[in-house]
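Engineer:
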Amino acid sequence: MPHFVLVPMLAAGHAGPMLDMARALASRGALVTFVTTPLNLLRLGRAPGDGELPIRFLPLRFPCTEAGLPEGCESADALPGIDFLRNFHDACAMLRAPLVAHLREAHPPASGLVSDTCHPWTGAVARELGVPRLGLETFCAFSSFCMRQMSIHSVFEGISDHKRPVRVPGFPIHVEMSRARSPENFSGFGKVFADEVMAENARADGLVVNSFAELEPLFVDAYEAALGKKIWAVGPLFLQRNMPLSATSGSDDATAVRCGSWLEQKKPRSAVLVSFGSLARSSQPQLVEIAHGLEASNRPFIWVVKPASLAEFERWLSDDGFERRVGDRGLVVTGWAPQKAILSHPATGAFVTHCGWNSVLECVAAGLPMTTWPHFGDQFMNEKLVVDVLRVGVPVGVKDATQWGVETEGVVATREDVERALEAVMDGGVVGAARQARAAELGRKAWDAVARGGSSDRNMSLLVDFVEQMKATV
Ligand code: UDP
Numbered sequence: 000m001p002h003f004v005l006v007p008m009l010a011a012g013h014a015g016p017m018l019d020m021a022r023a024l025a026s027r028g029a030l031v032t033f034v035t036t037p038l039n040l041l042r043l044g045r046a047p048g049d050g051e052l053p054i055r056f057l058p059l060r061f062p063c064t065e066a067g068l069p070e071g072c073e074s075a076d077a078l079p080g081i082d083f084l085r086n087f088h089d090a091c092a093m094l095r096a097p098l099v100a101h102l103r104e105a106h107p108p109a110s111g112l113v114s115d116t117c118h119p120w121t122g123a124v125a126r127e128l129g130v131p132r133l134g135l136e137t138f139c140a141f142s143s144f145c146m147r148q149m150s151i152h153s154v155f156e157g158i159s160d161h162k163r164p165v166r167v168p169g170f171p172i173h174v175e176m177s178r179a180r181s182p183e184n185f186s187g188f189g190k191v192f193a194d195e196v197m198a199e200n201a202r203a204d205g206l207v208v209n210s211f212a213e214l215e216p217l218f219v220d221a222y223e224a225a226l227g228k229k230i231w232a233v234g235p236l237f238l239q240r241n242m243p244l245s246a247t248s249g250s251d252d253a254t255a256v257r258c259g260s261w262l263e264q265k266k267p268r269s270a271v272l273v274s275f276g277s278l279a280r281s282s283q284p285q286l287v288e289i290a291h292g293l294e295a296s297n298r299p300f301i302w303v304v305k306p307a308s309l310a311e312f313e314r315w316l317s318d319d320g321f322e323r324r325v326g327d328r329g330l331v332v333t334g335w336a337p338q339k340a341i342l343s344h345p346a347t348g349a350f351v352t353h354c355g356w357n358s359v360l361e362c363v364a365a366g367l368p369m370t371t372w373p374h375f376g377d378q379f380m381n382e383k384l385v386v387d388v389l390r391v392g393v394p395v396g397v398k399d400a401t402q403w404g405v406e407t408e409g410v411v412a413t414r415e416d417v418e419r420a421l422e423a424v425m426d427g428g429v430v431g432a433a434r435q436a437r438a439a440e441l442g443r444k445a446w447d448a449v450a451r452g453g454s455s456d457r458n459m460s461l462l463v464d465f466v467e468q469m470k471a472t473v
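Each residue of the sequence shown is one higher than the one before, counting from 0 in numbering that gives the first Met the number 0.
1. From LYS470, PHE465, SER460, THR472, pick the residue whose C-alpha is nearest to that of LEU24; which is it?
2. Thinking C-alpha only, which one of GLY292, GLN239, LEU102, THR333 is nearest ALA255?
3. When the Cα atoms are used, what is the spatial distance from VAL4 to LYS383?
4. If we ignore side chains and look at the alpha-carbon of each, how far apart do GLU65 and ALA90 end up?
5. Around the Cβ of GLY427, are there at least 16 other Cβ atoms within 10 angstroms (buried) or fewer (exposed)?
6. So what does DSSP say about VAL391, is it helix, strand or coil?
7. If you run the structure through DSSP and keep just helix, strand and coil, what is TRP231?
8. Measure how close the beta-carbons of ILE301 and ALA270 come, nearest whole angstrom, since I'm counting them as under 8 angstroms.
9. Near GLY484, what residues of its chain come up, given a Cβ to Cβ distance below 6 angstroms and the 5 sequence neighbours on each side ignored?
10. For the ligand UDP, is there any heavy atom lying closer than 7 angstroms to the beta carbon of LEU43?
11. Would the C-beta of GLY15 count as close to the ligand UDP, meaning under 7 angstroms from any of its heavy atoms?
12. I'd like to confirm something about PRO7: is its beta-carbon nearer than 7 angstroms to some heavy atom of the ligand UDP, or not?
13. Quick check on ARG103: buried or exposed, where buried means 16 or more other Cβ atoms within 10 Å of its Cβ?
14. With H, G and I counted as helix, E and B as strand and the rest as coil, what does DSSP make of ASP115?
15. Taking just the CA atoms, how far does GLN148 sit from ASP451?
16. Excluding the 5 residues flanking GLU136 on each side, which residues of the same chain have their C-beta closer than 6 angstroms to its C-beta?
17. Can you tell me which residues form a DSSP beta bridge with ALA445?
18. Is ASP377 near PHE170, with beta carbons less than 8 angstroms apart?
19. Count the other C-beta atoms from every protein chain shown that fall within 10 angstroms of the C-beta of ALA32, then say buried if there are 16 or more, exposed otherwise.
20. Is the CB-CB distance between LEU59 and VAL34 below 8 angstroms?
21. With distance defined between alpha-carbon atoms, name the residue in ALA432, ALA336, ARG132 nearest to ARG257.
22. Please find out if some non-hydrogen atom of the ligand UDP comes closer than 7 angstroms to the beta-carbon of VAL303.
23. So PHE211 and ALA445 are supposed to be a Cβ contact under 8 angstroms. How far apart are they, rounded?
24. By how many angstroms is the C-alpha of PRO16 removed from the C-alpha of LEU236?
25. Please state if the CB of GLU408 and the CB of PRO480 are separated by a distance shorter than 8 angstroms.
26. Please report the Cβ distance between PRO368 and VAL424, rounded to the nearest whole angstrom; I am assuming they are in contact, meaning their Cβ atoms lie under 8 angstroms.
27. What is the C-beta distance between GLU199 and PRO119, in whole angstroms, given that I count them as a contact (C-beta under 8 angstroms)?
28. Spell out the partners DSSP gives LEU133 in its beta bridges.
29. Alpha carbons only, please: which of GLU215, GLU313, ARG42, ILE151 is nearest the one belonging to LEU389?
30. Which value, in whole angstroms, describes the spacing of the CA atoms of LEU133 and ASP204?
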C-alpha cells in the first residue's frame, strides 16, 4: 500500500482540491496522511463515505507567534491584510521540522509527497526523506504555464506602467497580460515568492493539475514539454469519486436548505448564481452596482455576498428596500453558500464568477456558461481561457484589477455592465444557445474524464504507479 503525504496550502480554495485528491488516492487503496493545522482541521468539509477511507489527518501546531502573525491566523483568508502574507508563508515553512520528525516515525514509511506548489519548502522535506515530490497546481494548466512563462522571462522587468499589457513569450496562443492583472498583484512580495515556487517546480518529480486533458489539451501538452517532466491532469478532483456535486458543498444546513427550497420553485435553467469565492471582498459602492444590475435584469438570482464591511452592507440592505423590491426573485446569502450544490441544481442557468479556478471548474462540471468578473491572482488568465479558448463565458468587462486585501471604494463594473452581461449569458438566441451548448458539452466531458477508463481516472492510476515505481527504485 503506497503511503502518500499530502500538504495543502492553508486556504479554502486550495485545501478543498487537496482533500479531494486525498479521497481519490485513498479510494484506490493508498494510505494518505493529510497535513493540516488544528483550526483548518475543524473547517475541512466532510463528505459521505469519508469515514471509511484510509486518511490520517495530521494537525501540526501553526507557529503564528514565531512568524509574527496574530494568534488564530491559520489560513490565508484569516489574515488581517496582504502585508501579513510573507509572515504566513514563513509560518508554513516552519512546519518543515515537525513534519519531517513525524514522517521519520511513520508506519508504513511515506512513499511520496503531494504538496501545493505554493509550499516550495516541501521540496526539502521530500529530499530529506528520500521520497518523490509531486506539486499540486491549484491553477489550470493554461494559467500555470502562462504564469511560468511570465516569471522565467521576467516580462514585467523595466516596465513601470503596471497596466501595460505584455505578450506572454513561448505561449501556444497570443496572450497579453499586464502586471496588474497577473498573479504578481496577489502576493504583495511578488516575484521573490514566484521564483521560489518555479525553482521547486523545476526540481519536483512531476506536477498534478486539477483539470482534465480534454478541457485544455494544448496547454497541458505545452506546459509538460516546457517543464520537461510529467504533468498528470486528474481533475475535476471533486468528481473523482463520482459523487453528486451536492454532496460535498460544505455549507451549514440552514443555508443549504434555504437555497435548495428557493431553487426548487424556479424554472429549469432560469436562475443566476453570483459569487466571488472565499477571498475577494467587495466594496459597498460596488455591491450597490451589482444589486441594481441584478434588479434590472429581471432574472431570478442567488447572490452570495462577501462585503468589505458586513455591517455597512446590512445597513444598506435594510435602508434601501432592495430585498423588498426583488421579493422572491432574489436570495441574498452573506455567509458560506453551498456553491457546488447550487451550480448543479437544474434551476441554475449561469454563474457570475470571479474566475477562481475551483469555481470555473465547478461551473464547467455543471455544464453552465459564465459571466466572468476576475479580481486578482490567476483569475484574469482563467478568464481568457473561459472566454477566448473555451468560449463559454461573457466578460462583465472589469475596468481594473483589485488587489487582494486592499480595500478600495472603486467600482470596476457598473449596474449597466452587470445587466448587459447577464442578458448575454442567459440569452436564448443563436449566440447564447451555442455558448450554452458548448458549456453543456464540456460538462459531459468533465464527467467522462473521471469515469472508469476516462483520461483523469487513467492519469490518477498512472500517478500512483509512478510513485510506487520511484519508491521501488529508491
Ligand atoms: N465556495 C463555497 N461557498 C462560498 C464561497 C466559496 O462553496 O460561499 C467554494 C467554491 O465552491 C470553491 C471554493 O470555495 O470550491 C473557492 O475557490 P476558488 O478557486 O473558486 O476561489 P478562491 O476562494 O480561491 O478565490
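Built from N, CA and C at the ideal position, the CB exists for glycine as well. What you are looking at is a predicted structure, and each value in this text was computed from that prediction instead of being measured.
Structural biologist: Quick look at the numbers:
1. SER460
2. THR333
3. Looking at the two C-alpha atoms, the distance is approximately 34 angstroms.
4. Here the alpha carbon of GLU65 sits roughly 7 angstroms from the alpha carbon of ALA90.
5. exposed
6. coil
7. Looking at TRP231 - three-state DSSP - the assignment turns out to be strand.
8. 7 angstroms
9. Nothing can be reported for residue 484: it is not among the residues displayed for the chain, which extend from 0 to 473.
10. no
11. Answer for GLY15: yes, Cβ within range of the ligand UDP.
12. no
13. exposed
14. strand
15. Reading the sequence as shown, one finds Arg at residue 451 and not Asp. Straight-line Cα distance between these residues: approximately 34 angstroms.
16. Residues of the same chain with a CB within less than 6 angstroms of the CB of GLU136, apart from the 5 flanking positions on each side, are THR116, SER143, LEU206, VAL208 in chain order.
17. According to DSSP, ALA445 bridges with nothing at all.
18. no
19. The amino acid at residue 32 is misidentified as Ala; the sequence shows Thr. Burial call: buried.
20. yes
21. ALA336
22. If you check the C-beta of VAL303 against the ligand UDP, you find a heavy atom less than 7 angstroms away.
23. Yes, PHE211 and ALA445 are in contact; Cβ-Cβ is about 6 angstroms, under 8 angstroms.
24. 6 angstroms
25. No statement about residue 480 is possible, as the shown extent of the chain runs from 0 to 473 and does not include it.
26. 5 angstroms
27. About 4 angstroms separates the two Cβ atoms, so the contact holds.
28. Paired residues: VAL113, GLY205.
29. GLU215
30. 6 angstroms
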